[in-house]
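Participant: In the UniProt record's numbering, the protein residues as written are 1 to 759.
Think of the CB as a built atom: it goes at the ideal place given N, C-alpha and C, for glycine as much as any other residue.
Bear in mind that the values here come from a model prediction, so they are computed numbers and not experimental data.
The structure's right below; bear with me while I get my questions together.
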Amino acid sequence: MYLLSCAPLTPDPDNQVLIKTSKDLYLKFGKLFEALRCAIMLNDVHMCRQIFMDCQDRLIQKQMAILLGRHQIFLELEDVDNADKLIELNSNSHLHHYFLSLCRELDIMEPKTPEGIYKSHLEPSRPFGGASSPESARMNLAAAFVNGFVNSGFSVDKMMAESEEANRWFYKNKEYGMLTSAASQGLVWRWNIDAGLSQCDRFLYVDDDYIKAGTLLAIGIISSGIQDTCDPASALLIDHVHSDRAVMRVGSIFGLGLAYANSKRNAVLKEEETGVVYELKKVLSCTKPSGNNEVKGLAGLSLGFVLVGTADGAAATEMLQLLMEKSSTELADPNMRFIALGLALIFLGTQEKSDTIVESLRSLPDPFGSMVSTLVEVCAYAGTGNVLKIQKLLHICSEHYEVKEEPKKTEPRKKSPRFRLQRFPSTTRLQSSSSTSLRLFGSTNSAFTRIARPTTPTPDKQDPSSQQAREDRPPPPTPEQKDLSSQQAVAVLGIGLIAMGEEIGTQMSLRTFGHLMRYGEPVIRRAVPLALALVSVSNPQLNILETLSKYTHDADADTAHNAIFALGLVGAGTNNARLVSLLRQLASYHRKDTTAVMLVRIAQGLTHLGKGTMTLNPFHSDRQLMCPAAVAGLFATCFAFLDGKTSFLNHRRHYLLYSLVPAMQPRHLITLIEDEDKPGNLKEIGVTVRVGQAVDVVAQVGKPKTITGFQTHTTPVLLAYGERAELATDEYIPLSPYLEGLIILKKNPEFESATRGKK
Numbered sequence: 001m002y003l004l005s006c007a008p009l010t011p012d013p014d015n016q017v018l019i020k021t022s023k024d025l026y027l028k029f030g031k032l033f034e035a036l037r038c039a040i041m042l043n044d045v046h047m048c049r050q051i052f053m054d055c056q057d058r059l060i061q062k063q064m065a066i067l068l069g070r071h072q073i074f075l076e077l078e079d080v081d082n083a084d085k086l087i088e089l090n091s092n093s094h095l096h097h098y099f100l101s102l103c104r105e106l107d108i109m110e111p112k113t114p115e116g117i118y119k120s121h122l123e124p125s126r127p128f129g130g131a132s133s134p135e136s137a138r139m140n141l142a143a144a145f146v147n148g149f150v151n152s153g154f155s156v157d158k159m160m161a162e163s164e165e166a167n168r169w170f171y172k173n174k175e176y177g178m179l180t181s182a183a184s185q186g187l188v189w190r191w192n193i194d195a196g197l198s199q200c201d202r203f204l205y206v207d208d209d210y211i212k213a214g215t216l217l218a219i220g221i222i223s224s225g226i227q228d229t230c231d232p233a234s235a236l237l238i239d240h241v242h243s244d245r246a247v248m249r250v251g252s253i254f255g256l257g258l259a260y261a262n263s264k265r266n267a268v269l270k271e272e273e274t275g276v277v278y279e280l281k282k283v284l285s286c287t288k289p290s291g292n293n294e295v296k297g298l299a300g301l302s303l304g305f306v307l308v309g310t311a312d313g314a315a316a317t318e319m320l321q322l323l324m325e326k327s328s329t330e331l332a333d334p335n336m337r338f339i340a341l342g343l344a345l346i347f348l349g350t351q352e353k354s355d356t357i358v359e360s361l362r363s364l365p366d367p368f369g370s371m372v373s374t375l376v377e378v379c380a381y382a383g384t385g386n387v388l389k390i391q392k393l394l395h396i397c398s399e400h401y402e403v404k405e406e407p408k409k410t411e412p413r414k415k416s417p418r419f420r421l422q423r424f425p426s427t428t429r430l431q432s433s434s435s436t437s438l439r440l441f442g443s444t445n446s447a448f449t450r451i452a453r454p455t456t457p458t459p460d461k462q463d464p465s466s467q468q469a470r471e472d473r474p475p476p477p478t479p480e481q482k483d484l485s486s487q488q489a490v491a492v493l494g495i496g497l498i499a500m501g502e503e504i505g506t507q508m509s510l511r512t513f514g515h516l517m518r519y520g521e522p523v524i525r526r527a528v529p530l531a532l533a534l535v536s537v538s539n540p541q542l543n544i545l546e547t548l549s550k551y552t553h554d555a556d557a558d559t560a561h562n563a564i565f566a567l568g569l570v571g572a573g574t575n576n577a578r579l580v581s582l583l584r585q586l587a588s589y590h591r592k593d594t595t596a597v598m599l600v601r602i603a604q605g606l607t608h609l610g611k612g613t614m615t616l617n618p619f620h621s622d623r624q625l626m627c628p629a630a631v632a633g634l635f636a637t638c639f640a641f642l643d644g645k646t647s648f649l650n651h652r653r654h655y656l657l658y659s660l661v662p663a664m665q666p667r668h669l670i671t672l673i674e675d676e677d678k679p680g681n682l683k684e685i686g687v688t689v690r691v692g693q694a695v696d697v698v699a700q701v702g703k704p705k706t707i708t709g710f711q712t713h714t715t716p717v718l719l720a721y722g723e724r725a726e727l728a729t730d731e732y733i734p735l736s737p738y739l740e741g742l743i744i745l746k747k748n749p750e751f752e753s754a755t756r757g758k759k
């Protein structure tokens, strides 16, 4: 436990050595389940399979299959004896059944409408403010997202239950709005493949291409995180990947990326006609008119989702080759950024394995080359808390760039030297203020060293004559400075992405973001709210809510829009009352800005995600394991918002918000036990558990209390961020040391013998 807790605080490759040592110790003492967790931390699928196959206890093997399924590592188990139950647990095909039983227990099966979430009548009204804005395309789009988010996984809603109602609802939108609305049915039927695909089948034969494309995307959303051996998603979507209509390709390609995110199965990776990766690679080199840049960008992003964290050299080389063939003008196309993002996701969490590709990417023309090399580097160290990388990113953020402006043809007024204002070069002023702020952060902890001071000299205040002479001389010619804005935005997101895996680094990053917000360039300020959301996903801490609330009233509209969306990510699935009230006030404040109101509505939908039963947080198993697919989905969404006007807010690419789907997971605790009537099957059982705030017990002697401020409940229960559960009875023994998700129990023989002795 001590070694594993030290791993995030040590630089690479020492952190990997500590985890491997822990794994060896667990194997030596026969703790196979704990050893499997170490193999998952190392992202070593071969090692995971070996430990899984070495386990002789059938029940522990089932618990391992559940853990691997939660982490979206899907093993090939066809050659194992009596593998049906293990495959079912590993493929997550049982998930909708347990999730619906939890919802029935909590009595929240009644579907909700968007207006039931907004509660517009409670929004503070303004005198003479006029009536609320009429129904618009953006409001209809927001309602589609909210309906999907709130009823996610419940297999029932009020807007798309009947075909006629659904069609009427789809046609309230236009073109890509129809695609996004049709795709929202995938959220409602999430994980329920059998019933969900039959519901989607109704819309695969309509005349409108946008509704058909949205339905294809919905099929991918339903299948996300479920690896059925029949591969229905591949069978239905792969026929449209090379369609002559671009919109059909958009739905099918993005749907495949979501359906097979983090899937390392042979059926997906094989290099032949039926392989998903093979078909997506073919799209990158497609010369058809329908193979436009948007389609190729989505193909790159989908490849990133499918191959996330694999460091797959073949796919990375193909995507690098495609980027190198483009001119600097072609690389300025916003769609190329998504090919770069897909390339970065392939190296998510691989650390030093990305060094070669990073150096190759630096040869691309700037500013694209510097942006994509930084992007790959931050993804490679995602969740590691690596201090040296954060320091490097801070240095990038301290750079100043100037956009060339046409000189104004106005004659300067003559002033007396006595009253002349001192004019400092803008580079000096902004660099020095930025560097000062970052040096403040450096003084907080010795691990973060100081950023280099600016080298531009400041004018001599004592000698007015030298000042006069300097101002009368023409300025010396300066080399044209590069536009670093895209690289700086990625660097800000990268600080959040790297720091999110380690608590001390997360706390320190909050202060850094405050300095960046005060002294940074406009593009840095726009990225800060998204980075704040990354370090606190589904964890609405009071200080972060207050900070984001302040940014939602920013004078820069893009900063305010990003802060509103960040509020939705921070409160996702929590039903946080303070945040709900805050969002209602924002809806009233921004009532004339339709874009802001749409984002407020979406943030309200995210806050009520799954009616408060789900989370977007990528960490599980007592916040020690980071799911690569969930991180990829969150980072892709935040990356798209860095340039929202060309992606999410441009009336066309709002479907990119469905990148959040791989991160959506229920936050329940359900206890199972072997069914005595049906040997080999598991059945739910209600046992008493204590749920309280987790206490760090690393390096404490004896048997310290692991939770504080607990309450006693009977399973199934919901677990909030930072909470931990433990059994309140000695009758059963859990097969996992951390009670989260689905936990298998077995009867305690000592308890039974003690009971018999009393009798």
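Could you tell me the distance, in whole angstroms, from the CA atom of V687 to the CA atom of T729?
Facilitator: As a working mapping, residue 687 is identified with position 687 in the sequence shown. As a working mapping, residue 729 is identified with position 729 in the sequence shown. Taking the straight line from one Cα to the other gives about 8 Å.
Participant: Taking the alpha-carbon positions, what's the E115 to P13 distance?
Facilitator: Numbered from its first residue, the sequence shown carries residue 115 at position 115. Numbered from its first residue, the sequence shown carries residue 13 at position 13. Using only the alpha carbons, I get a separation of about 52 Å.
Participant: Would you verify that the beta carbon of T715 is, or is not, closer than 7 Å to some beta carbon of chain C?
Facilitator: Of the protein chains in this structure there is only one, and it is not chain C.
Participant: Is it right to say L36 is buried, meaning 16 or more other beta carbons lie within 10 angstroms of its own, or is it exposed?
Facilitator: Stepping through the sequence shown from its first residue, residue 36 is reached at position 36. Answer is buried; the Cβ neighbour count reaches 16.
Participant: Could you tell me which whole alpha helix (DSSP H) segments of length 4 or greater appear in the UniProt domain "RPN1 N-terminal" (1-123)?
Facilitator: Within the UniProt domain "RPN1 N-terminal" (1-123), the complete alpha helix (DSSP H) runs of at least 4 residues are 2-6, 14-28, 32-41, 45-54, 58-70, 84-90, 95-106 and 114-118.
Participant: A557 bridges to which residues according to DSSP?
Facilitator: In the sequence shown, counting from the first residue as 1, residue 557 sits at position 557. DSSP lists no partner for A557.
Participant: Rounding to the nearest angstrom, what Cα-Cα distance links C200 and L657 in this structure?
Facilitator: Indexing the sequence shown from 1 puts residue 200 at position 200. Indexing the sequence shown from 1 puts residue 657 at position 657. Their backbone Cα atoms lie some 20 Å apart in a straight line.
Participant: Can the beta-carbon of P662 be found closer than 7 Å to that of A218?
Facilitator: The count along the sequence shown starts at 1 and reaches residue 662 at position 662. The count along the sequence shown starts at 1 and reaches residue 218 at position 218. No. Outside cutoff.
Participant: Look up K212 in the DSSP assignment and give the residues it is bridged to.
Facilitator: Position 212 of the sequence shown, counted from the first residue, corresponds to residue 212. DSSP lists no partner for K212.
Participant: Since I believe G385 is in contact with E502 (beta carbons under 8 Å), could you give me their beta-carbon distance rounded to a whole number of angstroms?
Facilitator: As a working mapping, residue 502 is identified with position 502 in the sequence shown. As a working mapping, residue 385 is identified with position 385 in the sequence shown. With 8 Å as the limit, E502 and G385 qualify as a contact, their Cβ atoms being about 3 Å apart.
Participant: According to DSSP, which residues form a beta bridge with G692?
Facilitator: Position 692 of the sequence shown holds residue 692. BP columns for G692 point to R724.
Participant: Report the residue ranges of all alpha helix (DSSP H) runs contained in full by the segment 574-631; include only those spanning at least 4 residues, in chain order.
Facilitator: The qualifying runs are 577-589 and 594-607.
Participant: At which residues does the alpha helix (DSSP H) containing P522 begin and terminate?
Facilitator: As a working note, residue 522 is residue 522 in the sequence shown. First-last of the alpha helix (DSSP H) with P522: P522 to V535.
Participant: Would L256 and L237 be called neighbours here (beta carbons separated by less than 7 Å)?
Facilitator: Here residue 256 corresponds to residue number 256 of the sequence shown, with the count starting at 1. Here residue 237 corresponds to residue number 237 of the sequence shown, with the count starting at 1. For L256 and L237, yes; Cβs fall inside 7 Å.
Participant: Excluding five sequence neighbours on each side, which residues of the same chain lie with their C-beta closer than 6 Å to the C-beta of L269?
Facilitator: Taking the sequence shown and counting its residues from 1, one reaches residue 269 at position 269. Only V277 meet the Cβ criterion.
Participant: Under a Cβ-count criterion, where at least 16 other Cβ atoms within 10 Å of its own Cβ denotes burial, should T329 be classed as buried or exposed?
Facilitator: Looking up residue 329 in the sequence shown gives position 329. That one is exposed.
Participant: Using the Cα positions of residue 806 and Y721, report the straight-line distance between them to the nearest angstrom.
Facilitator: There is simply no residue 806 to check, as the chain begins at 1 and stops at 759 in what is shown.
Participant: Would you report the Cα separation of Y98 and L569, rounded to the nearest angstrom?
Facilitator: Locating residue 98 in the sequence shown gives position 98, where the first residue counts as 1. Locating residue 569 in the sequence shown gives position 569, where the first residue counts as 1. Using only the alpha carbons, I get a separation of about 25 Å.
Participant: Output the distance between the C-alpha atoms of P289 and D244, rounded to the nearest integer angstrom.
Facilitator: Taking the sequence shown and counting its residues from 1, one reaches residue 289 at position 289. Taking the sequence shown and counting its residues from 1, one reaches residue 244 at position 244. Rounded to whole angstroms, P289 to D244 spans 8 Å at the Cα level.
Participant: Looking at the strands, I want to know which residues DSSP matches up with residue 783.
Facilitator: Outside the shown range of the chain (1 to 759) lies residue 783, about which nothing can therefore be said.
Participant: State the DSSP-derived secondary structure class of E279, mapped to helix, strand or coil.
Facilitator: In the sequence shown, counting from the first residue as 1, residue 279 sits at position 279. Correct three-state label for E279: helix.
Participant: So for K746, helix, strand or coil by DSSP?
Facilitator: In the sequence shown, counting from the first residue as 1, residue 746 sits at position 746. Looking at K746 - three-state DSSP - the assignment turns out to be strand.
Participant: For P734, which beta-bridge partners are listed by DSSP?
Facilitator: As a position in the sequence shown, residue 734 is number 734, starting the count at 1. L745, per the DSSP bridge assignment.
Participant: Roughly how many angstroms lie between the CA atoms of T478 and V358, to the nearest whole one?
Facilitator: The sequence position of residue 478 within the sequence shown is 478, counting from 1. The sequence position of residue 358 within the sequence shown is 358, counting from 1. Per-residue confidence for T478 stands at a pLDDT of 41, beneath the threshold of 50, marking its modelled position as unreliable; the derived number appears in the next sentence. Their Cα atoms are separated by approximately 29 Å.
Participant: Starting from Q711, trace the beta strand (DSSP E) both ways and give me its first and last residue.
Facilitator: For the purposes of this step, residue 711 is taken as the residue at position 711 of the sequence shown. Where Q711 is concerned, the enclosing beta strand (DSSP E) stretches over I707 to T714.
Participant: Applying the criterion that 16 or more other CB atoms from any shown protein chain within 10 Å of the CB defines a buried residue, is M517 buried or exposed?
Facilitator: For this step, residue 517 is matched to residue 517 along the sequence shown. The residue in question, M517, is buried, as its Cβ has 16 or more Cβ neighbours within 10 Å.
Participant: Put T671 into one of helix, strand or coil per three-state DSSP.
Facilitator: Start at 1 with the first residue of the sequence shown, and residue 671 comes out as number 671. In the structure shown, T671 sits in a strand (DSSP, three-state: E or B).
Participant: Determine the burial state of Y210: buried for a count of at least 16 other Cβ atoms within 10 Å of its Cβ, exposed for fewer.
Facilitator: In the sequence shown, counting from the first residue as 1, residue 210 sits at position 210. Y210 comes out buried.
Participant: With burial defined as no fewer than 16 other Cβ atoms inside 10 Å of the residue's Cβ, what is the status of G130: buried or exposed?
Facilitator: Stepping through the sequence shown from its first residue, residue 130 is reached at position 130. Any answer about G130 is weak, because its pLDDT of 41 lies below 50 and its placement is not dependable; what the coordinates show is given next. Label assigned to G130: exposed.
Participant: Pick from C286, Y732, Q56 and R601: whose alpha carbon is nearest that of S753?
Facilitator: Here the question's residue 753 lines up with position 753 in the sequence shown. When each option's Cα is compared against that of S753, the closest is Y732.
Participant: Among P618, M664, I564 and L216, which residue has its Cα nearest to the Cα of F149?
Facilitator: Here the question's residue 149 lines up with position 149 in the sequence shown. Nearest option by C-alpha distance: M664.
Participant: Can you grab the Cα-Cα spacing for the pair G496 / M508, in whole Å?
Facilitator: As a first step, residue 496 must be located in the sequence shown, where it is residue number 496. As a first step, residue 508 must be located in the sequence shown, where it is residue number 508. If you take the alpha carbons of G496 and M508, they lie about 11 Å apart.
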